Amino acid sequence: MYSNIMIPVDLRHTDHLDKALSVAADIAKLYGAKLHIVGVVQAAPSEVARTPAQYAEKLAAYAADRSQKFGVIFKPHAEIGHDPSIDLDDVLKRAANAIGIDLIVMASHVPGVAEHFFASNAGRLASHATVSVFVVR
Numbered sequence: 016m017y018s019n020i021m022i023p024v025d026l027r028h029t030d031h032l033d034k035a036l037s038v039a040a041d042i043a044k045l046y047g048a049k050l051h052i053v054g055v056v057q058a059a060p061s062e063v064a065r066t067p068a069q070y071a072e073k074l075a076a077y078a079a080d081r082s083q084k085f086g087v088i089f090k091p092h093a094e095i096g097h098d099p100s101i102d103l104d105d106v107l108k109r110a111a112n113a114i115g116i117d118l119i120v121m122a123s124h125v126p127g128v129a130e131h132f133f134a135s136n137a138g139r140l141a142s143h144a145t146v147s148v149f150v151v152r
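Here the sequence shown stands for residues 16 to 152, where the numbers follow our numbering.
Laid out in structure tokens, this is it:
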């Protein structure tokens, strides 16, 4: 049913990602799907990495660590966005199309007051993606 599963990650919040990674790993094992961790970074230095290359190294290390923990292979993909706070959804949709993704498994957060006025990243992506999006809370 699914052959390529994408899990968007934010390396600033890795403590909130394991449930989504576990769900994605279980689905991948069930269907024999490949797993793709996608992180979006800007070209300017951030608190996670000073350069996109350094971010890609950190993402690869994170993917290797999670691969060992969950007993599957997570392939890392570092994507560059102009400003991830603005173009995150567009960058993720482009990455999904380029990789051939047919399911996105995405971590969410408990909605607060702001979500009544502005959609969450997961909500926006689910509304605009051309593939199924599984939001894990």
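We treat Cβ as the ideally placed atom computed from N, Cα and C, and that holds for glycine. Note that this is a predicted model, so its numbers are computed, not measured.
Measuring alpha carbon to alpha carbon, tell me which of L26, A122 and F149 ends up nearest S61. Looking up residue 61 in the sequence shown gives position 46. Taking S61 as reference, the option from L26, A122 and F149 with the minimal CA-CA separation is L26.
Which residue comes first and which comes last in the alpha helix (DSSP H) that contains E72? On the sequence shown, residue 72 is found 57 positions in, with the first residue counted as 1. Looking at the DSSP string, the run of the alpha helix (DSSP H) that includes E72 is P67 to F85.
Cβ of I116 within 7 Å of Cβ of N19? In the sequence shown, counting from the first residue as 1, residue 116 sits at position 101. In the sequence shown, counting from the first residue as 1, residue 19 sits at position 4. Cβ atoms of I116 and N19: closer than 7 Å.
Helix, strand or coil for S38 per DSSP? Residue mapping note: residue 38 aligns to position 23 of the sequence shown, counting from 1. The sequence shown places Val at residue 38, not Ser. Three-state result, V38: helix.
Boundaries of the alpha helix (DSSP H) in which A58 is found, first to last residue: Numbered from 1 along the sequence shown, position 43 holds the residue referred to as residue 58. DSSP places A58 outside any alpha helix (DSSP H), giving it a letter other than H or E.
Contact set for A64: own chain, Cβ-Cβ below 7 Å, skip 5 residues either direction: On the sequence shown, position 49 is the one that residue 64 refers to. Closer than 7 Å at the Cβ level, and outside the excluded window around A64, lie V56, Y70 and K73.
Whose C-alpha, out of I101, P67 and F89, is nearest the C-alpha of A39? Locating residue 39 in the sequence shown gives position 24, where the first residue counts as 1. Nearest Cα to A39 within the set I101, P67 and F89: F89.
Is it true that the region 104-113 meets the region 79-88, where meeting means three or more beta-carbon pairs spaced less than 8 Å apart? By the criterion of at least three beta-carbon pairs nearer than 8 Å, the region 104-113 is not in contact with the region 79-88.
Please look up how many angstroms separate the CB atoms of I52 and H92, rounded, as I've assumed it's under 8 Å. Your numbering for residue 52 matches position 37 in the sequence shown. Your numbering for residue 92 matches position 77 in the sequence shown. In this structure I52 is in contact with H92, their Cβ atoms being roughly 7 Å apart against a cut-off of 8 Å.
If you check the beta carbons only, do V11 and L140 fall under 7 Å apart? This structure cannot settle anything about residue 11, because the visible part of the chain is limited to 16 through 152.
Considering only the alpha carbon of each residue, which of A144, T145, R81 and V106 lies closest to L153? For residue 153 there is no data in the structure shown, the boundaries of the chain being 16 and 152.
Per DSSP, the bridge partner or partners of A122: Here residue 122 is taken as the residue at index 107 of the sequence shown, counted from 1. Partner(s): V151.
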